[in-house]
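For reference, the structure is listed below as structure tokens.
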Amino acid sequence: MIKVTLKDGIVKEFPAGITAEEITKTLGAELYKAACACEINGRVCDLRTPLTDDCALSILTFEQESGKKVFWHTASHILAQAVKRLYPAAKLAIGPAIDNGFYYDFDVEQPFSAEDIGKIENEMKRIVKENPPVTRFTLSPEEAREKMKDEPYKLELIDEHAADGDDISFYSQGDFTDLCAGPHLLFAGAVKALKLTQCTGAYWRADASNRQLCRVYGTAFPKAAQLEEYLTKVEEAKKRDHNIIGRQLGYFTTSETVGQGLPLFGPKGAKVLQILQRFIEDEEEKRGYQLTKTPYMAKSDLYKQSGHWAHYKDGMFLLGDEDSDDVMALRPMTCPFQFTIYNSAMHSYRELPIRYNETSTLFRNESSGEMHGLIRIRQFTLSEGHIIAMPEQLAQEFTGAVDLCKYIMDVIGLSEDIYYRFSLRDPDDKEKYVDDDDAWDNTEAKMRQILLDIGIPFTEALGEAAFYGPKLDLQMRNVHGKEDTLFTIQVDFCLAGRMGMTYIDADGEKKTPVVVHRSSIGCYERTLAMLLEKYAGALPLWLCPEQVRILPISERSREFAAGLLKSLTDAGIRASVDTRNEKIGYKIREAQLEKLPYMLIVGEKEMEAGLVSVRRRGDGDVGQQSPDEFISKVLGEIKEKNIF
RNA sequence: GCUACUGUGGCUCAAUGGUAGAGCAGAUCAUUCGUAAUGAUCAGGUUGUCAGUUCGAUUCUGACCAGUAGCUCCA
79 MIKVTLKDGI VKEFPAGITA EEITKTLGAE LYKAACACEI NGRVCDLRTP LTDDCALSIL
139 TFEQESGKKV FWHTASHILA QAVKRLYPAA KLAIGPAIDN GFYYDFDVEQ PFSAEDIGKI
199 ENEMKRIVKE NPPVTRFTLS PEEAREKMKD EPYKLELIDE HAADGDDISF YSQGDFTDLC
259 AGPHLLFAGA VKALKLTQCT GAYWRADASN RQLCRVYGTA FPKAAQLEEY LTKVEEAKKR
319 DHNIIGRQLG YFTTSETVGQ GLPLFGPKGA KVLQILQRFI EDEEEKRGYQ LTKTPYMAKS
379 DLYKQSGHWA HYKDGMFLLG DEDSDDVMAL RPMTCPFQFT IYNSAMHSYR ELPIRYNETS
439 TLFRNESSGE MHGLIRIRQF TLSEGHIIAM PEQLAQEFTG AVDLCKYIMD VIGLSEDIYY
499 RFSLRDPDDK EKYVDDDDAW DNTEAKMRQI LLDIGIPFTE ALGEAAFYGP KLDLQMRNVH
559 GKEDTLFTIQ VDFCLAGRMG MTYIDADGEK KTPVVVHRSS IGCYERTLAM LLEKYAGALP
619 LWLCPEQVRI LPISERSREF AAGLLKSLTD AGIRASVDTR NEKIGYKIRE AQLEKLPYML
679 IVGEKEMEAG LVSVRRRGDG DVGQQSPDEF ISKVLGEIKE KNIF
């Protein structure tokens, strides 16, 4: 007999060798029905797993993240089974569970069309109805190779597992068998509600030089109502999409004639960008940054010296013949320009750190498929700064840069949405990264220590570093769940030397400084995109291009409205009057749809009493106030952020 | 760049192998109105662009341009 510790610490005895499935059965029919997998001593396992020793066992259902993953993983096998039935020539690659469902990659001659996807989905539903039991077995590498001899991608995977010395595990359901580590559900029939969401191309092993496979995405739930709920949620999220909302609200537009990735900001969008820029430039000045203003283009020589020409030429817009000596390029970054300013004078160790910042418009020739709303564009403006410091000042300066980012996040209201990623080089990628193992190891270790000292939670990501050094990226997800870098702080051990930057140290020796590349609010366009999504277009009062709209009820209150407008404007509040000859309900509706924070309704009553009727975003009618009282309240609310 | 999908007036969408219709927005007129849409009239389109098939294309085919999601990339 073995002792099994169940949920809530209850210990039960079972004969050794009993499976988790059999134990689950004893715990009730409901749980057995809902069970997806189990956790044995903290490890997610199949319910088929026999228990041989005393252990802790908890049953995982769809309610738990790890249970969900098992559920979706089985769904991906159902997808593969359906594809194999309909397209026997399809070769199987991999099919994992992801954050919101699953996918499976197939190698097929003809990528699936939307119509094919419908057929595949129907076949999946048929398989679910058949409810085949899912079974597990293992084979030796030789037997496994024989079994999968027609599946080239599986053979590749088998070779890898075999190299680790493991037996190879398989899962079967009905007429389908797949190489798989598991775990899986007991029966395919549990996947009651499923939907294939899209079909895209994806490269084998995420490498563009490999063959492109056909990836089918889907999601699934134990109940139809859950699927419905999920699909509704996705639809709701799309309503916050900055690319839709930003256009609707008139923040920006794009034009085929102007070109891809080149948004045009109208008065409202431009106003918000201006507010953000003033805020950032003032805040950075307070923190010891000095403003620079450098050219938008330079001769190729500059980029050759910095190394960008070798590492980044394809991403630059060139002006003139690439091979000619006088070819120019629009700048894709500001580093070498600010470094040139640094180099225009001798520097003493007494001057360091020097902190340069610039509201810097950059140009990057992103490939056509990369562009997305305001998040990936070809011309954008970065709050770009470079801190030139002595090596012993690195930790302090890095910490200061993190501090600034934290403060900015807090003010614009994104603190809760942003997470930290420590981006390291991929040591095997000699082409992308500067080839200096010692410097990399050294810098990464130093930076890791600084991060630990600061005490922020971070994840590490291989192969995400800049070519010249590791980065701390402040990441955020858009409404579609896709992650992007919002702010970044980078330690550079390479460019200062390459650009011949020096300082004279206390001992009279010329030394090479370290450089911290950093952005405090990132790229304005991208940050605006995230703000629009975060607030669903209803930006905080201090950021609103129009803070108050005065709505006269009829022409008779127009003059009164004009007087109010002057008082508001004089007080520094961004306001306007809707003088159109429309009904008050109509004007309110429009202002409401534009998500304005405040409306002032003025008619005969207000004129007589010398008051204004206030409507606040989200609250509706909040009653009457005197104009002075309203103005001071609004100013107070704006100043809460304490930035102007 | 690759894969799938999409492109009809400023916006949202309808229709069709025989050159298109609605709502909103716009203009004009009337209405001077009390907390989310006043009414009428008018105007607005070479159906993304260019080829091809056809007696005839907005509809079918191809290329290109642009958009959406994903992949690769993102200094």
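Everything in the first sequence is counted per the numbering used here, starting at 79 for the first residue and increasing by one.
Note that beta-carbon positions come from the ideal geometry of N, C-alpha and C, so glycine has one too.
(1) Would Ala-171 pass as a contact of Phe-184 if the rule is Cβ separation under 8 Å?
(2) Restricting to Cα atoms, I'd like to know which of Thr-297, Tyr-281 and Gly-296 is closest to Gln-723.
(3) For Phe-395, name the three-state secondary structure that DSSP assigns.
(4) Identify every run of the alpha helix (DSSP H) within the segment 579-626, keeping only runs that are complete inside it and at least 4 residues long; order them along the chain.
(5) Near Met-487, what residues of its chain come up, given a Cβ to Cβ distance below 7 Å and the 5 sequence neighbours on each side ignored?
(6) Quick check on DSSP: helix, strand or coil for Tyr-367?
(7) How long is the line joining the alpha carbons of Leu-217 and His-558, rounded to whole angstroms?
(8) Mind checking Ile-246: buried by the 16 CB within 10 Å criterion, or exposed?
(9) Report the three-state DSSP secondary structure of Ile-709 (helix, strand or coil).
(10) Measure the Cβ-Cβ separation of Thr-372 and Phe-415 and say whether it is below 8 Å.
(11) Using a threshold of 8 Å, state whether the C-beta atoms of Ala-407 and Phe-395 are closer than that.
(12) How big is the Cα-Cα spacing for Ala-388 and Leu-380?
(13) Alpha carbon to alpha carbon, how far is Gln-142 from Ala-134? Give it in angstroms, no decimals.
(14) By Cβ distance, which residues of its chain are closer than 7 Å to Thr-580, with the 5 residues on each side in sequence left out?
(15) May I ask you to list the residues that DSSP assigns as paired with Asn-200?
(16) Using DSSP bridges, identify the partner residues of Asn-435.
(17) Whole angstroms is fine: what's the gap from Ile-534's alpha carbon to Leu-550's?
(18) Should the segment 155-167 be called in touch with the segment 123-140, which here means at least 3 C-beta pairs below 8 Å?
(19) Where does Arg-428 fall in DSSP's three states?
(20) If you drop the 5 nearest sequence neighbours on each side, which residues of the same chain put their C-beta closer than 6 Å to that of Ala-517?
(21) Going by DSSP, name the residue or residues bridged to Met-487.
(22) Looking at the secondary structure, which residues open and close the beta strand (DSSP E) in which Ala-115 lies?
(23) Who pairs with Gln-703 in a beta bridge, going by DSSP?
(24) In angstroms with no decimal places, state the Cα-to-Cα distance between Asp-237 and Cys-258.
(25) Within the chosen definition, does the segment 670-677 reach the segment 694-702 through at least 3 CB pairs nearer than 8 Å?
(26) Where do the N-terminal and C-terminal ends of the alpha helix (DSSP H) with Phe-149 fall, by residue?
(27) Spatial neighbours of Ser-704 within its chain, please: C-beta separation below 8 Å, excluding the five flanking residues on both sides.
(28) Which stretch, first to last residue, makes up the alpha helix (DSSP H) that contains Val-312?
(29) What residues match up with Glu-170 in a beta bridge as DSSP calls it?
(30) Rounding to the nearest angstrom, what Cα-Cα distance links Lys-391 and Leu-573 in this structure?
(31) Is it buried or exposed, Gly-463, if we count other Cβ atoms within 10 angstroms and call 16 or more buried?
(32) At what residues does the beta strand (DSSP E) containing Gln-738 begin and finish?
(33) Does the beta-carbon distance from Val-82 to Cys-114 come in below 8 Å?
(34) Determine the extent of the beta strand (DSSP E) in which Glu-561 is found, giving its start and end residues.
(35) Just how far apart, CA to CA, sit Lys-301 and Ile-353?
(36) Using the DSSP secondary-structure output, state which residues sit across from Lys-549 in a beta bridge.
Based on what the coordinates show:
(1) Translated into the one-based positions of the first sequence, residue 171 becomes position 93. Translated into the one-based positions of the first sequence, residue 184 becomes position 106. Result yes, Cβ atoms of Ala-171 and Phe-184 sit closer than 8 Å.
(2) Lying before the first or after the last residue shown, residue 723 is absent from the chain, which here runs from 79 to 722.
(3) As a working note, residue 395 is residue 317 in the first sequence. It is coil, neither helix nor strand.
(4) With a minimum length of 4 residues, the continuous alpha helix (DSSP H) runs that stay inside the segment 579-626 are 602-612.
(5) On the first sequence, position 409 is the one that residue 487 refers to. Closer than 7 Å at the Cβ level, and outside the excluded window around Met-487, lie Ser-493 and Ile-496.
(6) Residue 367 sits at position 289 when you count from the first residue of the first sequence. Residue state, collapsed to three classes: strand.
(7) Locating residue 217 in the first sequence gives position 139, counting from the first residue. Locating residue 558 in the first sequence gives position 480, counting from the first residue. Between Leu-217 and His-558, the C-alpha separation is close to 41 Å.
(8) Walking along the first sequence from the start, residue 246 turns up at place 168. The residue is buried, with at least 16 neighbouring Cβ atoms inside 10 Å.
(9) Looking up residue 709 in the first sequence gives position 631. Ile-709: helix per DSSP, three-state reduction.
(10) As a position in the first sequence, residue 372 is number 294, starting the count at 1. As a position in the first sequence, residue 415 is number 337, starting the count at 1. Yes.
(11) Reading the first sequence from its first residue, position 329 is the one you call residue 407. Reading the first sequence from its first residue, position 317 is the one you call residue 395. Closer than 8 Å, so yes.
(12) Taking the first sequence and counting its residues from 1, one reaches residue 388 at position 310. Taking the first sequence and counting its residues from 1, one reaches residue 380 at position 302. Going from the Cα of Ala-388 to the Cα of Leu-380 covers about 12 Å.
(13) Mapped onto the first sequence, residue 134 falls at position 56. Mapped onto the first sequence, residue 142 falls at position 64. Going by the C-alpha atoms only, they are around 17 Å apart.
(14) Taking the first residue of the first sequence as position 1, residue 580 is located at position 502. These residues qualify, in order along the chain: Lys-588, Lys-589 and Thr-590.
(15) Position 122 of the first sequence holds residue 200. Note: Asn-200 sits in no beta bridge, so no partner.
(16) Here the question's residue 435 lines up with position 357 in the first sequence. Leu-369 and Gly-463, per the DSSP bridge assignment.
(17) By one-based count along the first sequence, residue 534 stands at place 456. By one-based count along the first sequence, residue 550 stands at place 472. Each residue's Cα considered, the two are about 11 Å apart.
(18) The segment 155-167 makes no contact with the segment 123-140: fewer than 3 CB pairs, one atom from each, lie closer than 8 Å.
(19) Mapped onto the first sequence, residue 428 falls at position 350. In the structure shown, Arg-428 sits in coil (DSSP, three-state: anything other than H, G, I, E or B).
(20) Position 439 of the first sequence, counted from the first residue, corresponds to residue 517. Its chain contains Phe-571 as the residues whose beta carbon lies nearer than 6 Å to that of Ala-517, once the 5 sequence neighbours on both sides are disregarded; these appear in chain order.
(21) For this step, residue 487 is matched to residue 409 along the first sequence. Paired residue(s): none; Met-487 is not in a bridge.
(22) In the first sequence, counting from the first residue as 1, residue 115 sits at position 37. Start and end: 113-118.
(23) Counted from its first residue, the first sequence places residue 703 at position 625. Gln-703 is bridged by DSSP to Val-690.
(24) Your numbering for residue 237 matches position 159 in the first sequence. Your numbering for residue 258 matches position 180 in the first sequence. About 14 Å.
(25) Verdict: yes, contact present.
(26) Along the first sequence, one-based indexing puts residue 149 at 71. Under the DSSP assignment, Phe-149 falls in the alpha helix (DSSP H) whose first and last residues are 143-164.
(27) The residue labelled residue 704 in the question sits at position 626 within the first sequence. Apart from sequence neighbours up to five positions away, the residues of its chain that approach Ser-704 with a beta-carbon distance below 8 Å are Gly-688, Leu-689 and Val-690, ordered along the chain.
(28) As a working note, residue 312 is residue 234 in the first sequence. Per DSSP, Val-312 is one residue of the alpha helix (DSSP H) stretching across 302-316.
(29) Along the first sequence, read from residue 1 onward, the residue named residue 170 stands at position 92. Glu is not the amino acid found at residue 170; the sequence shown has Leu there. Answer by DSSP bridge pairing, in chain order: Phe-184.
(30) Stepping through the first sequence from its first residue, residue 391 is reached at position 313. Stepping through the first sequence from its first residue, residue 573 is reached at position 495. The C-alpha of Lys-391 lies about 17 Å from the C-alpha of Leu-573.
(31) Translated into the one-based positions of the first sequence, residue 463 becomes position 385. Buried: at least 16 other Cβ atoms inside 10 Å.
(32) Missing from the structure shown is residue 738; the chain here goes from 79 to 722 and no further.
(33) Position 4 of the first sequence, counted from the start, is the residue given in the question as residue 82. Position 36 of the first sequence, counted from the start, is the residue given in the question as residue 114. No, they are not a contact pair.
(34) Taking the first sequence and counting its residues from 1, one reaches residue 561 at position 483. Annotation for Glu-561: the continuous beta strand (DSSP E) segment containing it runs 561-570.
(35) The count along the first sequence starts at 1 and reaches residue 301 at position 223. The count along the first sequence starts at 1 and reaches residue 353 at position 275. Distance between the alpha carbons of Lys-301 and Ile-353: 48 Å.
(36) Numbered from its first residue, the first sequence carries residue 549 at position 471. Lys-549 is bridged to Ser-501 and Gln-568.
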